[in-house]
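Numbering that gives the first Met the number 0 puts the sequence shown at residues 0 to 219. Just so it is clear, CB atoms sit at the ideal spot from N, CA and C, and this is done for glycine as well.
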Amino acid sequence: MAERRRPWVVGVSGASGTPYAAAVLRGLLDAGEDVDLVVSRASRLTLLDETGIAFRDAHWREDLAQWLARGADGKPDAFEADVSGVRYWGAGDLAAGPSSGSYPVKGMLIVPASTACVAGVALGLSKDLLQRAASVTLKERRRLVVAVRETPLNGQTLKHLVALDEAGAVVLPASPAFYAGATHIQDLVDFVAGRVLDAAEVPHRLYRRWEGELGGSRGN
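Right under this line is the structure:
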C-alpha cells in the first residue's frame, strides 16, 4: 500500500513579504515535503505588486513555478523548483481538505502573516480557508507557525500574538539576523525562511548557523 500523503499547509496572507513565502515553499519542496498551498485574495495583490506575477486559480501551477523561480531581488529564473508536490486550494473553498481535522497534515505555516490574518486566527473567525485551516491546526494540536510581518505592532496585535502563543502556535516575526554573514537580499530572506523551517523541524541549508565563534561569518 502506498504511503498516505501528509503535507504541510502553507498559507500566504496579504502582508508584504512574498519572497519569504517563496523561500519557505522552495525549502519544503527541496526537503521532499508535500505542500498544500492556500493563497489569500489579498496576497494576490501583494504578489502582483512585489513580483509582477498574477496568481490565477486556473493557471496556478505555472504561476507558482514562475514565482518560485524568482529571486528576492526580482531576477527571474534564479531558482529551479519542482512544484509537482504542491496541491492548491482556493481561499474561498471552505470545503477543501485542510478545513477538516480529519484531513491528514503535518501542520501549517503562515508566511507572511498580516495583522488582519493574525487577528482572524486568534479570534477564531475562519472567514476564509487560510483562517479556517489555521483554526483546525490549533484545535488538532498540530504545529502552527505564524511568521508575522508588520512594524510597528500595536497593542491589539500584540494581544492577538500572545493569544496565539498561549494556544500553542509558534509566533515567528519575519526579522532577519546578520550574524550569518548576509551579502545579498536573498540571504536575509533565506534566514527568515530557514527559521520558519526550523520551527517546523524541516531540515534545510538556507543559512549559516551560529556556532559560538565571534566573527565566524567573516572568515568564510
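Contact between the stretch 133-146 and the stretch 93-110 is present: three or more C-beta pairs spanning the two stretches fall below 8 Å. By the 16-neighbour rule on beta-carbons within 10 angstroms, T136 is buried. In this structure, DSSP gives L124 a state outside helix and strand, which the three-state scheme calls coil. In this structure L157 does not touch V147 by the C-beta definition: roughly 10 Å separates them, more than the 8 Å allowed.
As DSSP reads the structure, Y19 sits in no beta bridge.
In the DSSP annotation of this structure, the continuous segment of the beta strand (DSSP E) that includes V37 starts and ends at V34 to V38.
Sorting D35, L28 and L67 by C-alpha distance to the C-alpha of L46 places L67 at the top. In this structure, A21 sits away from R86, with a CB-CB distance that is not shorter than 8 Å. A residue is called buried once 16 or more other Cβ atoms fall within 10 Å of its Cβ, and F177, having fewer, is exposed. Segment contact: the stretch 181-195 against the stretch 5-22, three or more CB-CB distances shorter than 8 Å; contact assigned.
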